[in-house]
Amino acid sequence: MSSIPVDDDMLEQARAMRDEMQRFLNEYRFGMREIETKLSILREDFEQQHSYNPIEHVSSRLKTLDSIAEKADRKGIEPTIEAIRSQLLDIAGVRVTCSFVTDAYRLFHLLAGQDDVTVVQVKDYIAHPKPNGYKSLHAIVEVPVFLSTGTVPVPVEVQFRTIAMDFWASLEHKIYYKYASQVPARLTDSLRDAALTAAELDDRMERLHRELHGERPAPIAPLQLLARTDDDSPTPA
């Protein structure tokens, strides 16, 4: 069986493209790591200063090249690194699951207030839930990544939510996946009811927490100037 000859120039171009894409993804991986480090420091400082940990757990994800290409095509974005870099802001994502609603806002304020963090976009789905019941605080923040070739500003999507919100979002994601986004009306109605129940649970737990511990740490100022959206598309788990 004869093999197909491979042109040396084509092979070199393929290798160069592979290396370029790897460097591109590394920037987002390092940006994600910067955010995770900042959150880890905040968690430790809270435990030492307030004997209280507002973070239940932190998870992160980096979109694959296939996922990036699919989303760029769906949104009509030119398939170049420059276009994708400027228009796709959720390639790297970090999710922060908090104990209480006030913790979600407090952690956002503390992260956004750091000197090397730039807030690009905020969508407050806690104050303004999506029609399907989804609640979470979404923020696109930009952090500098210091590489051997220079400094690169990298956007990272950070989501803040409570345990109840996270449980609801995970269930909703599984239902939409099972039904290929064509969810029966009875299930969407049940999901909305479950979202209300989750919100009531958050309120209850918040009140109990305040009765036990008082306002510790000090209450935060209300979040202002947040972008409100009414997008009812399936939500990420």
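Numbering (UniProt numbering) for the sequence shown: 1 to 237.
Note that CB positions come from ideal geometry on N, CA and C, so glycine has one too.
Keep in mind it's a predicted model, so treat the numbers as computed, not measured.
With a contact defined as Cβ atoms closer than 8 Å, Gln159 and His138 qualify at about 5 Å.
In this structure, DSSP gives Ser67 a helical state, which the three-state scheme calls helix. For Thr197, the uninterrupted alpha helix (DSSP H) segment begins and ends at Ala185 to His213. Nearest Cα to Val122 within the set Ala112, Asp116 and His209: Ala112. Residue burial annotation: Tyr28 is buried, with at least 16 other C-beta atoms found within 10 angstroms of its C-beta. The alpha carbon of Gly93 has as its nearest neighbour, out of Ile77, His109, Asp73 and Ile68, the alpha carbon of Ile68.
Of the residues Ala180, Ser170, Tyr52 and Glu172, the one whose Cα lies closest to the Cα of His209 is Tyr52. Secondary structure of His138 (DSSP, three-state): strand. For Thr102, there is no enclosing beta strand (DSSP E); the enclosing alpha helix (DSSP H) covers residues Val101 to Ala112. Beta-bridge analysis with DSSP links Thr97 to His57 and Arg161. When secondary structure is reduced to three states using DSSP, Gly76 falls in the coil class, being assigned neither helix nor strand. It is roughly 10 Å from the alpha-carbon of Ala169 to the alpha-carbon of Ile163. A direct Cα-to-Cα measurement between Asp193 and Asn26 gives close to 41 Å.
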